[in-house]
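Novice: Residue numbers for the sequence shown follow our numbering, beginning at 7 and rising by one. Take a look at this one; I'll ask things after.
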Amino acid sequence: EYIRKQSLVNAERFISPELKEYEVEITGAEEKATFLEQNIFQQVRNEVASHGKRIQHMACIVADLDAITSFAEVAHRYNYSKPEITGGTDLKLENGRHPLIERIIPGNQFIANDTELNSTNDQIMIITGPNMAGKSTYLRQVALINLMAQIGCFVPADSAHIGIVDRVFSRVGAQDHLQKGMSTFMVEMNETANILNNATERSLIILDEIGRGTSTFDGISIAWSIVEYLHGDDIKGGPKTLFATHYHELTDLALVLKGVKNFNVQVKEWNDEIIFLRKIVLGGTDKSYGIQVARLAGLPDKVLHRAREVLFNLEKSEFDEVGVPKISR
């Protein structure tokens, strides 16, 4: 038996009771499927929740295993050594390497460097040298080796004797903070203030060109006083500090503070060019090689020639009546 369902211009549509039942079932099938999915999801969720603590415990175990196996793999693959962790404040690294940069450089061309610091006689390293010589890389590698050792990882060095540090402080790079309305120099000073107010004898600090965001004399004055502040005394040592700078005046601090030692990144001059040797050696330097580095960057010869003239007169303190460097003849 058929029942008229719909009349059209040139057709009539009919339906039977059996087709009507199928239509109702199909129409409600999607709703039923959604309802069943929700019920199944709720059951699974409840079952998982009932074993939540066990699952979290297993996840932590798997995470630990993942970290440990990763440590083992990288140590074996890249010839890392087991650090000796002590309760003292000494830091001694033999042929330390930067764990990332040594992988980027092709072959075995990364230059390893030694480090020896403590909270008394070898507390602060003043590191001078030209841009691009490797000062910042050296600072970062020392900090990274300390962090790697204290999380239980072998380290990229031939040997490492590391006293546990309570914090690793870093002031590197130069950037402003537009959202907070802070200039590059203000950001630098805020971060430096945090370091000075919180560092202890057991801390490790890396400082990269503090004071460069302001005038030369202000920058030197601030950098000088920061080193004096960080320097320990006969009763209490200070935080182990690596201080990279272009202010060669800071090398004089080694004459008045027993815990300050001067180091520089070796370069070799060759036909008005410089070759970066990347080796940290004892002693300060009085040359920045800024013009040579600018030449490597591709500045026009006219600019470089004029820069040499101005530099010559600045070094000879030759100025005209309004304080402008004279043109050399």
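All C-beta atoms, glycine included, are put in the ideal place defined by N, C-alpha and C. Note that the coordinates shown come from a computational prediction; the quantities given were computed from them, not determined experimentally.
Would you check if there are 3 or more beta carbon pairs closer than 8 Å linking the segment 254-265 to the segment 225-239?
Specialist: yes
Novice: Below 8 Å on the Cβ atoms is my contact criterion, and I expect Asn268 with Gly244 to pass it. Report the Cβ-Cβ distance as a whole number of Å.
Specialist: As a position in the sequence shown, residue 268 is number 262, starting the count at 1. As a position in the sequence shown, residue 244 is number 238, starting the count at 1. Actually they do not touch by this definition, with Cβ atoms about 17 Å apart.
Novice: Provide the residue(s) that pair with Leu283 in DSSP beta bridges, ordered along the chain.
Specialist: Locating residue 283 in the sequence shown gives position 277, where the first residue counts as 1. Looking at the DSSP output, Leu283 sits in no beta bridge, so it has no partner there.
Novice: In the DSSP assignment, what residue or residues form a beta bridge with Trp276?
Specialist: As a working note, residue 276 is residue 270 in the sequence shown. DSSP, once it has assigned bridges, lists Glu279 as partnering Trp276.
Novice: DSSP state of Asp96, grouped into three classes?
Specialist: Stepping through the sequence shown from its first residue, residue 96 is reached at position 90. In the structure shown, Asp96 sits in coil (DSSP, three-state: anything other than H, G, I, E or B).
Novice: Anyone know if the C-beta pair for Asn119 and Gly102 falls short of 8 Å?
Specialist: If you number the sequence shown from 1, residue 119 lands on position 113. If you number the sequence shown from 1, residue 102 lands on position 96. Yes; because the gap between Cβ atoms is below 8 Å, this pair is in contact.
Novice: Can the beta-carbon of Lys274 be found closer than 8 Å to that of Leu283?
Specialist: As a working note, residue 274 is residue 268 in the sequence shown. As a working note, residue 283 is residue 277 in the sequence shown. Yes. Within cutoff.
Novice: Quick one: complete beta strand (DSSP E) runs, 3+ long, within the segment 76-122?
Specialist: 90-92 and 97-102
Novice: Whose C-beta lies closer than 7 Å to the C-beta of Glu215 among residues of the same chain, with five residues either side of it excluded?
Specialist: Translated into positions along the sequence shown, residue 215 becomes position 209. Hits under 7 Å: Ala250, Thr251 and His252.
Novice: So Leu248 and Met138 are supposed to be a Cβ contact under 8 Å. How far apart are they, rounded?
Specialist: Taking the first residue of the sequence shown as position 1, residue 248 is located at position 242. Taking the first residue of the sequence shown as position 1, residue 138 is located at position 132. At roughly 18 Å, the Cβ-Cβ gap does not stay under 8 Å, so Leu248 and Met138 are not in contact.
Novice: With 16 other CB atoms within 10 Å as the buried threshold, where does Gln147 fall?
Specialist: Counting from one through the sequence shown, the residue named residue 147 turns up at place 141. Burial call: buried.
Novice: Compute the beta-carbon to beta-carbon distance between Gln129 and His237, rounded to the nearest angstrom, for a pair I have assumed lies under 8 Å.
Specialist: For the purposes of this step, residue 129 is taken as residue 123 along the sequence shown, with counting starting at 1. For the purposes of this step, residue 237 is taken as residue 231 along the sequence shown, with counting starting at 1. That pair is a contact at about 7 Å.
Novice: Closest to Ile211 by CA distance: which of Ser22, Tyr28 and Tyr144 is it?
Specialist: Here residue 211 is taken as the residue at index 205 of the sequence shown, counted from 1. Ranking Ser22, Tyr28 and Tyr144 by Cα distance to Ile211 puts Tyr144 first.
Novice: In chain order, what residues of the same chain lie with their CB nearer than 8 Å to the CB of Asn204, ignoring the 5 residues before and after it?
Specialist: The residue you call residue 204 lines up with position 198 of the sequence shown. If we look at Asn204 and ignore the five residues flanking it on each side, its Cβ neighbours are Arg173 and Phe175.
Novice: Tell me whether the beta-carbon of Phe191 lies closer than 8 Å to the beta-carbon of Lys88.
Specialist: Looking up residue 191 in the sequence shown gives position 185. Looking up residue 88 in the sequence shown gives position 82. Not in contact: Phe191 and Lys88 (Cβ atoms no closer than 8 Å).
Novice: Quick check for students: name the residue ranges of the beta strand (DSSP E) that lie wholly in the segment 118-200, counting only runs of 3 or more.
Specialist: 119-123, 130-134, 165-169 and 174-177
Novice: Taking only runs of the beta strand (DSSP E) that begin and end inside the segment 222-267, which ones reach a length of at least 3 residues, in chain order?
Specialist: For the segment 222-267, whole beta strand (DSSP E) runs of length 3 or above, ordered along the chain, are 246-250.
Novice: Quick one: Cα of Phe41 to Cα of Phe47, how far?
Specialist: Against the sequence shown, residue 41 aligns to sequence position 35. Against the sequence shown, residue 47 aligns to sequence position 41. Their Cα atoms are separated by approximately 10 Å.
Novice: Would Gly219 and Ala180 qualify as a contact pair, given that the criterion is a beta-carbon distance under 8 Å?
Specialist: For the purposes of this step, residue 219 is taken as residue 213 along the sequence shown, with counting starting at 1. For the purposes of this step, residue 180 is taken as residue 174 along the sequence shown, with counting starting at 1. Yes, these two residues count as a Cβ contact at 8 Å.
Novice: Look at the alpha carbon of Ala35 and the alpha carbon of Asn52, and state the distance between them as a whole number of angstroms.
Specialist: Looking up residue 35 in the sequence shown gives position 29. Looking up residue 52 in the sequence shown gives position 46. Each residue's alpha carbon lies about 26 Å from the other.
Novice: Since Gly58 contacts Gly169 with CB under 8 Å, what's their CB separation in whole angstroms?
Specialist: Against the sequence shown, residue 58 aligns to sequence position 52. Against the sequence shown, residue 169 aligns to sequence position 163. Taking the Cβ atoms as the reference, Gly58 lies roughly 40 Å from Gly169, outside the contact range of under 8 Å.
Novice: Considering only the beta carbon of each residue, do Glu122 and Lys98 sit closer than 8 Å?
Specialist: Within the sequence shown, numbered from 1, the residue matching residue 122 stands at position 116. Within the sequence shown, numbered from 1, the residue matching residue 98 stands at position 92. Closer than 8 Å, so yes.
Novice: Short of 8 Å in beta carbon distance, which residues of its chain neighbour Ile117, apart from the five on each side in sequence? Order them along the chain.
Specialist: The residue labelled residue 117 in the question sits at position 111 within the sequence shown. The residues are Gly140, Leu283, Arg284 and Lys285.
Novice: Output the boundary residues of the beta strand (DSSP E) element that contains Lys11.
Specialist: Here residue 11 corresponds to residue number 5 of the sequence shown, with the count starting at 1. Here the beta strand (DSSP E) through Lys11 covers Ile9 to Ser13.
Novice: Note down, in chain order, each residue of its chain lying with its Cβ closer than 6 Å to the Cβ of Tyr8, except the 5 sequence neighbours on either side.
Specialist: Counting from one through the sequence shown, the residue named residue 8 turns up at place 2. Hits under 6 Å: Phe20 and Ser22.
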